[in-house]
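Numbering (the numbering used here), first residue to last: 91 to 210.
Glycine included, each C-beta is placed from N, C-alpha and C at the ideal position.
Predicted model only: the values in this text are computed from it and were never measured.
Structure first, then comments.
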Amino acid sequence: LNTDAFLNELKAMFERSTEKGSVWVTLKRSSMKSKAQRNKMKSAGEAIEYRCLVRATDGKKTISTTVGPKEHQRFQASYATILKAHMTSLKKRERKDRKKAADTQKKAEGSKKTSSAKSS
């Protein structure tokens, strides 16, 4: 697929999987040439153009596209917008402040020592 069609289909996949299901997206650097061809190009001094292979699947349907270096910025911006819009079901992790957690742990250890000393 071309990049615009891929992004539209990816958006549709996310919308289908809102109630139930997942969408997996993988990105991989690819030269779209065999290793022998790449070695020939290296020895000839030619520059190898690497593209980004992007695949997405919902378990039933798989789509893929390649993105060149020239259109990569625009693709990443559109891709990020889609991800931000459709990852609303993720819950923010509740984290304790590290200092507070360390302080409460020290207090708990201190109270154990004093209570065991009193009981002896």
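Worksheet entry | Residue from Leu100, Leu91, Asn92 and Thr93 whose Cα sits closest to the Cα of Met174 | Inspection of the sequence shows that residue 174 is occupied by Lys rather than by Met. Lys174 has its Cα closest to that of Leu100, out of Leu100, Leu91, Asn92 and Thr93.
Discussion item. Between the alpha carbons of Ser133 and Gln127, how many angstroms are there, rounded?
Written reply: 10 angstroms
Item to complete: Consult DSSP for Ile153 and reduce its assignment to one of helix, strand or coil.
Response: strand
Discussion item. What would DSSP say about Ser168, mapped onto helix, strand or coil?
Written reply: helix
Discussion item. In the DSSP output, what is Ser120 paired with across the bridge?
Written reply: Arg141
Item to complete: Throw me the rounded Cβ distance for the Asn92 and Thr178 pair, which I believe falls under 8 angstroms.
Response: Rounded, the Cβ-Cβ distance is 28 angstroms, inconsistent with contact.
Discussion item. Following a CB-centred definition, is Pro159 positioned closer than 8 angstroms to any heavy atom of the ligand COA?
Written reply: Of ligands this structure carries none, so the ligand COA is not represented either.
Worksheet item: Are Glu136 and Ser121 touching if we call contact CB-CB under 9 angstroms?
Response: no
Worksheet item: With DSSP run on the structure shown, which of helix, strand or coil describes Arg147?
Response: For the record, residue 147 in the displayed sequence is Thr; it is not Arg. Strand, per DSSP.
Worksheet item: Who are the Cβ neighbours of Lys110 in its own chain at under 7 angstroms, not counting the five residues just before and after it?
Response: none
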